[in-house]
Amino acid sequence: MIEVKNLHKSFGEAHILKGISQTFYQGKTNLIIGQSGSGKSVFLKCLLGLYDYEEGSIEYDGEVFANLSEDKKRDMRAKIGMVFQGSALFDSLTIEENVMFPLRMFTKLTKNDMRERANIVLKRVNLEDAHKKMPSEASGGMQKRVAIARAIVNNPKYLFCDEPNSGLDPKTAIVIDNLIHEITEEYKITTVINTHDMNSVMEIGDNIMFLKDGIKAWEGTKDDIFRTDNKVVTDFVYSSNLFKKVREAVLKENK
Amino acid sequence: MIIEMFRKPTKWSVMKELILKDIDDLIIGSLGIVAFIAFFVGGVVTIQTALNIDNPLIPKELIGFATRQSILLEFAPTFMSIIMAGKVGSFITSSIGTMRVTEQIDALEVMGINSINYLVFPKLIAMAFYPFVISIAMFLGVIGGLMACIYGGYASTDDFITGLQQEFNPFHISYAFIKTFLFAFVLATIPSYHGYYMKGGALEVGEASTTSFVWTSVAIIIINYLATQLLLS
Chain Y
94 MIEVKNLHKS
104 FGEAHILKGI
114 SQTFYQGKTN
124 LIIGQSGSGK
134 SVFLKCLLGL
144 YDYEEGSIEY
154 DGEVFANLSE
164 DKKRDMRAKI
174 GMVFQGSALF
184 DSLTIEENVM
194 FPLRMFTKLT
204 KNDMRERANI
214 VLKRVNLEDA
224 HKKMPSEASG
234 GMQKRVAIAR
244 AIVNNPKYLF
254 CDEPNSGLDP
264 KTAIVIDNLI
274 HEITEEYKIT
284 TVINTHDMNS
294 VMEIGDNIMF
304 LKDGIKAWEG
314 TKDDIFRTDN
324 KVVTDFVYSS
334 NLFKKVREAV
344 LKENK
Chain W
2 MIIEMFRKPT
12 KWSVMKELIL
22 KDIDDLIIGS
32 LGIVAFIAFF
42 VGGVVTIQTA
52 LNIDNPLIPK
62 ELIGFATRQS
72 ILLEFAPTFM
82 SIIMAGKVGS
92 FITSSIGTMR
102 VTEQIDALEV
112 MGINSINYLV
122 FPKLIAMAFY
132 PFVISIAMFL
142 GVIGGLMACI
152 YGGYASTDDF
162 ITGLQQEFNP
172 FHISYAFIKT
182 FLFAFVLATI
192 PSYHGYYMKG
202 GALEVGEAST
212 TSFVWTSVAI
222 IIINYLATQL
232 LLS
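Protein sequence lines correspond, in order, to chains Y and W.
For what it's worth, my numbering labels the leading residue of the first sequence as 94, then goes sequentially.
For what it's worth, my numbering labels the leading residue of the second sequence as 2, then goes sequentially.
Structural data, given as structure tokens:
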């Protein structure tokens, strides 16, 4: 579980995060949604320890990340998996080597054991035939799956995904969403996803936080999002006619 | 950046492979162009020297002497380093810069890896082998000069070799290699700095490479001046 309390972050005069408090639960897909510029990416980078913050605290299972010694921070980071928006695969390594990378850095496994573990994870993301390919030879969807495989190969306790569906076709996006959701439940990971893909919200949103102008404007589940009267949320989520109609149909059915 | 480079070192088994890869990219990969340039510039230095000696009282050995001094003291260590600022420096800046742009450096940081140590330290160690490149440049520069001298008919082989050995000061070799080590440090660190701390996209990677070439060259010229003043005057 990750607990964020009263988080404030500024860049010079610009106050980006204005006292955000939120709990991200273990074994759940926790989503952060909001318009571009609402502070989602800054919030995620604060969670990851890539940005310092002025006020507040971030606790990973009761331990305040900022108070940890450098060694403990490094140990904590070994428990974190991250899927970047652009996948961030290492260009000079093959797909298999990319997946083996966290094992090489943080474990004392033999090369064969690492390879075996990488194969299991690559199979889990349906990429058993792509080991020797370079990242540049893989499609966007494949790269995302490799990034997920790399993020989970070392059995992380926490998984962070920044826009995991960006640039993917709707079918591949659903595959990625379901994969993340299944992995979260299977390995009991605390997963935090930064997205503005409404399909993801409806499909896998166990716990959703809506950010607006650096403030937490709403919190709920994918079911709550149909019923909410919060205008800020409905204006954002149901900005397309299709979603408006879907919402009306669901509400009508539930009456 | 330099202090950070020595904190939280990467696992030795991984670092060893990174160092070998950087030796291959930065040192072995540069040998071809270094050999080509050194050989022909050595030849040109000899021809220029020979063509400017029109007084019959000046001994022909001077051609070999001037070639040796030019190549050993300045051409091989200094001007080859400026050429390497273009080749090796741009490679370092663009490869690290691309990793910055595509969030690969963030990925390393998130995993708790000291990205400066992981990316820059192996390059610094690989560049410790840079004097090997320069010694090849020195050797081939002199051989190029000898070939140009023989095939151009400017002096006999004996005259050229006698000139090479005349008034040889072994400290000049030390001076050249002290400079080379300093240049190697500059060639590894300035381009890494420009790549690591760059912001923006693909266009900015190109700009960072150009800026790093300019600053590396400036640093080499200034260090060359200071080292010469301190060591030879």
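Glycine included, every Cβ here is placed at the ideal spot set by N, Cα and C.
Computed from a predicted structure; not experimentally measured.
{"Check": "Per-residue burial, P10 of chain W [other beta carbons within 10 Å of its own, 16 or more giving buried]", "Outcome": "exposed"}
{"Check": "Supposed close pair P263 of chain Y, G174 of chain Y - CB separation, criterion 8 Å", "Outcome": "Not confirmed; about 25 Å, so no contact."}
{"Check": "Touching by the beta-carbon criterion (3+ pairs, under 8 Å), the region 280 to 293 of chain Y and the region 124 to 140 of chain Y", "Outcome": "yes"}
{"Check": "Chain A contact for F183 of chain Y (CB, 8 Å cutoff)", "Outcome": "No chain A appears in the structure shown, which is made up of the protein chains Y and W."}
{"Check": "Listed by chain order, chain Y residues near D107 of chain W by CB distance under 9 Å", "Outcome": "K138, L141, L143, M175, F177 and A181"}
{"Check": "Contact list for A171 of chain Y against chain W, beta-carbon separation under 8 Å", "Outcome": "M112 and G113"}
{"Check": "Cβ pair D270 of chain Y, Q178 of chain Y closer than 8 Å", "Outcome": "no"}
{"Check": "Residue nearest to V97 of chain Y in terms of C-alpha spacing, selected from Y:I318, Y:L110 and Y:N347", "Outcome": "Y:L110"}
{"Check": "Proximity below 8 Å, CB of A266 of chain Y to CB of D299 of chain Y", "Outcome": "no"}
{"Check": "Through-space distance from Y144 of chain Y to K309 of chain Y, alpha-carbon basis", "Outcome": "19 Å"}
{"Check": "Integer Cβ distance of I84 of chain W from G153 of chain W, believed to fall under 8 Å", "Outcome": "Between G153 of chain W and I84 of chain W the Cβ distance is about 24 Å, and since that is not below 8 Å, they are no contact."}
{"Check": "Touch test, the region 201 to 218 of chain W against the region 115 to 122 of chain W, Cβ-Cβ under 8 Å, three pairs minimum", "Outcome": "no"}
{"Check": "Complete beta strand (DSSP E) runs within the region 147 to 193 of chain W (minimum length 3 residues, chain order)", "Outcome": "none"}
{"Check": "Residue range of the unbroken alpha helix (DSSP H) whose run includes V35 of chain W", "Outcome": "L32 to N53"}
{"Check": "Residue range of the beta strand (DSSP E) that includes D255 of chain Y", "Outcome": "Y251 to D255"}
{"Check": "DSSP state of H274 of chain Y mapped onto helix, strand, coil", "Outcome": "helix"}
{"Check": "I20 of chain W beta carbon less than 8 Å from that of I97 of chain W", "Outcome": "no"}
{"Check": "is_contact[P195 of chain Y, chain W] using C-beta, thresh 8 Å", "Outcome": "yes"}
{"Check": "Selected residue, minimal CA-CA separation from E211 of chain Y, among Y:V330, Y:S129, Y:I95 and Y:N247", "Outcome": "Strictly speaking, residue 211 of chain Y in this sequence is Ala, with Glu absent from that position. Among Y:V330, Y:S129, Y:I95 and Y:N247, the Cα nearest to that of A211 of chain Y belongs to Y:N247."}
{"Check": "Through-space distance from Y198 of chain W to I4 of chain W, alpha-carbon basis", "Outcome": "15 Å"}
{"Check": "Residue-chain proximity (M235 of chain Y, chain W), Cβ-Cβ < 8 Å", "Outcome": "no"}
{"Check": "P57 of chain W classed as buried or exposed, judged by whether at least 16 other C-beta atoms fall within 10 angstroms", "Outcome": "exposed"}
{"Check": "With 16 other Cβ atoms within 10 Å as the buried cut-off, status of G155 of chain Y", "Outcome": "exposed"}
{"Check": "Residue burial classification, V170 of chain W (beta-carbon count within 10 angstroms, cutoff 16)", "Outcome": "Inspection of the sequence shows that residue 170 of chain W is occupied by Asn rather than by Val. When all chains shown are included, N170 of chain W counts as exposed."}
{"Check": "Distance, S82 of chain W Cα to D26 of chain W Cα", "Outcome": "16 Å"}
{"Check": "Alpha carbon of G44 of chain W to alpha carbon of T99 of chain W, nearest angstrom", "Outcome": "39 Å"}
{"Check": "Test item: CB-CB of A244 of chain Y and M235 of chain Y under 8 Å", "Outcome": "no"}
{"Check": "Burial state of F184 of chain W, where buried means 16 or more other Cβ atoms lie within 10 Å", "Outcome": "buried"}
{"Check": "Exposed unless 16 or more other CB atoms sit within 10 angstroms - verdict on L220 of chain Y", "Outcome": "buried"}
{"Check": "K432 of chain Y at chain W interface by Cβ criterion, 8 Å", "Outcome": "Nothing can be reported for residue 432 of chain Y: it is not among the residues displayed for chain Y, which extend from 94 to 348."}
{"Check": "8 Å Cβ cutoff met for V219 of chain W and G145 of chain W", "Outcome": "no"}
{"Check": "Coil, strand or helix - Q105 of chain W by DSSP", "Outcome": "helix"}
{"Check": "Cβ-Cβ separation, G149 of chain Y to L100 of chain Y (assumed contact under 8 Å), whole Å", "Outcome": "4 Å"}
{"Check": "Opposing strand residues paired with S95 of chain W [DSSP bridges]", "Outcome": "Paired residue(s): none; S95 of chain W is not in a bridge."}
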